[in-house]
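For reference, the structure is listed below as structure tokens.
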Amino acid sequence: MIETGQTVPFEDRRFGYDEERFVTLGPLEGTIEVIETTETGDHIRVISMRKADRHEQKIYHDNHR
Numbered sequence: 001m002i003e004t005g006q007t008v009p010f011e012d013r014r015f016g017y018d019e020e021r022f023v024t025l026g027p028l029e030g031t032i033e034v035i036e037t038t039e040t041g042d043h044i045r046v047i048s049m050r051k052a053d054r055h056e057q058k059i060y061h062d063n064h065r
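Note that the sequence shown covers residues 1 to 65 in the working numbering.
Dropping the structure here:
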């Protein structure tokens, strides 16, 4: 489980999505993971989850000290 206090969240503005999307970087079992989500009413929908690439790992480590 990724704990909230150890995450780096930010809005995904790379493309003109029809919805607000959020990216959260956080540690899970020794790796940094990327979770992309959107909120629909009272629900949070997971769009994708994967291992962070080198660039995303750097963002995490630069912002989480």
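Just so it is clear, CB atoms sit at the ideal spot from N, CA and C, and this is done for glycine as well. Only a predicted model underlies this, so the values are computations on that prediction, with no experimental measurement involved.
Continuous alpha helix (DSSP H) stretch holding Glu-29: start and end: On the sequence shown, position 29 is the one that residue 29 refers to. Here Glu-29 belongs to no alpha helix (DSSP H), and DSSP marks it neither H nor E.
Please identify the residue among His-61, Lys-58, Thr-38 and Val-23 whose C-alpha is closest to the C-alpha of Arg-50. As a position in the sequence shown, residue 50 is number 50, starting the count at 1. Closest by C-alpha distance to Arg-50, out of His-61, Lys-58, Thr-38 and Val-23, is Val-23.
Exposed or buried, Gly-37, counting other C-beta atoms within 10 Å across all chains shown (16 or more means buried)? Counting from 1 along the sequence shown, the entry for residue 37 is found at position 37. The amino acid occupying residue 37 in the given sequence is Thr; Gly does not appear at that position. Around the Cβ of Thr-37, a 10 Å sphere holds 16 or more other Cβ atoms; the residue is buried.
Tell me the rounded alpha-carbon separation between His-64 and Ile-2. On the sequence shown, position 64 is the one that residue 64 refers to. On the sequence shown, position 2 is the one that residue 2 refers to. If I take the Cα positions, the gap works out to 14 Å.
Nearest CA to the CA of Val-8: which residue from Ile-44, Val-34, His-43 and Val-46? Here residue 8 corresponds to residue number 8 of the sequence shown, with the count starting at 1. By alpha-carbon distance to Val-8, the top candidate from Ile-44, Val-34, His-43 and Val-46 is Val-34.
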